[in-house]
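What follows is a single structure, written as structure tokens, with notes after it.
In our numbering, the protein residues as written are 895 to 1177.
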């Protein structure tokens, strides 16, 4: 099952919406084989527009469509400068996710004045919430990271959405971890095991993440682990208790930059991914 079919699975605890659309110059000839592929494999519809003489209106049309498909989380995806007289084809992909933590965080245990240590050595003040529960957890000594899956509620036994946090050890560059993980896409599932951990999350609207590649614009936003469109950010603390072993719990505090993902664990599908590097970059 691919991602375009996955959102058809019934699950009242999670809302997942996918939408694909092509905007083509109305005088630009698209081959029928390409149109069949786009419509058949990606369930995308096609709209013909006049980029040459009406680019401003096209930008507004696209941005309005994206806002509607992402519950207004993603706004102004394109600017007027992104569409010119030379534009011939724009491919838009939207994904929207809304879920609820399986285990809620304890509001009364919120740390109102916690430190977050940025890569630049700046220290920012943040609010942190706390919970204790069994999660899928793993460590990788080569990467020097801790990895934990925080599950969302689900009423379908065949579906399990999770929020994954990858937290480097102190002194380990987040950039180096990100580069190594990108070359090993199966690493997350290979190193997971079941243990008891403490989880802390920064109580903040999550990071807006953007990148531009060959005029391909991507934006994202998430609201505290429940609603996402394209990308997210949160933070954690961990305290592990090895199964079948007796020792005192060791607190691991997630007070520095980290990577995050929202995905479906049983099919190893990643819906969103990003990094949290500073509370000042959150939106």
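The C-beta atom is built at its ideal place from N, Cα and C for all residues, glycine as well.
Which residue's Cα is closest to the Cα of residue i: the options?
i, options, result
"residue 1163", "1056, 1064, 1153", "1056"
"residue 1039", "909, 1060, 961, 1016", "1060"
"residue 1027", "1020, 1000, 1037, 981", "1000"
"residue 1022", "1037, 1006, 1029, 1035", "1006"
"residue 1052", "938, 1069, 1158", "1158"
"residue 966", "992, 942, 951, 977", "992"
"residue 1050", "1160, 923, 977, 927", "1160"
"residue 1037", "1076, 1020, 921, 928", "1076"
"residue 1009", "1041, 1168, 1151", "1151"
"residue 979", "921, 1015, 997", "921"
"residue 1065", "1013, 1172, 929, 1046", "1013"
"residue 923", "983, 998, 1045, 990", "983"
"residue 1166", "1045, 930, 990, 994", "990"
"residue 997", "1018, 938, 1173, 1045", "1045"
"residue 985", "1017, 938, 1015, 948", "938"
"residue 908", "1173, 926, 1035, 995", "995"
"residue 1172", "927, 1020, 926", "1020"
"residue 1035", "929, 925, 1081", "1081"
Using the beta-carbon count (16 or more within 10 Å), is residue i buried or exposed?
i, result
"residue 1033", "buried"
"residue 910", "buried"
"residue 931", "exposed"
So, for residue i: in the same chain, excluding its five sequence neighbours on each side, which residues have a beta-carbon less than 6 Å away from its beta-carbon?
i, result
"residue 913", "963, 988"
"residue 1062", "1039, 1068, 1071"
"residue 1058", "1043, 1155"
Quick check on residue i: does DSSP put it in helix, strand or coil?
i, result
"residue 936", "coil"
"residue 1053", "coil"
"residue 1071", "helix"
"residue 1081", "helix"
"residue 974", "helix"
"residue 957", "helix"
"residue 1173", "helix"
"residue 907", "coil"
"residue 966", "coil"
"residue 930", "helix"
Between the beta-carbon of residue i and the beta-carbon of residue j, is there less than 9 Å?
i, j, result
"residue 917", "residue 940", "yes"
"residue 1043", "residue 1030", "yes"
"residue 1024", "residue 1048", "no"
"residue 943", "residue 955", "yes"
"residue 1170", "residue 1155", "no"
Skipping 5 residues on each side, what residues in its chain have a beta carbon closer than 8 Å to that of residue i?
i, result
"residue 953", "972, 973, 974, 976, 977"
"residue 891", "With the chain running from 895 to 1177 in the structure shown, residue 891 is simply not present."
Can you name, in chain order, every residue of its own chain whose Cβ lies under 7 Å from the Cβ of residue i, other than the five neighbours on each side?
i, result
"residue 951", "none"
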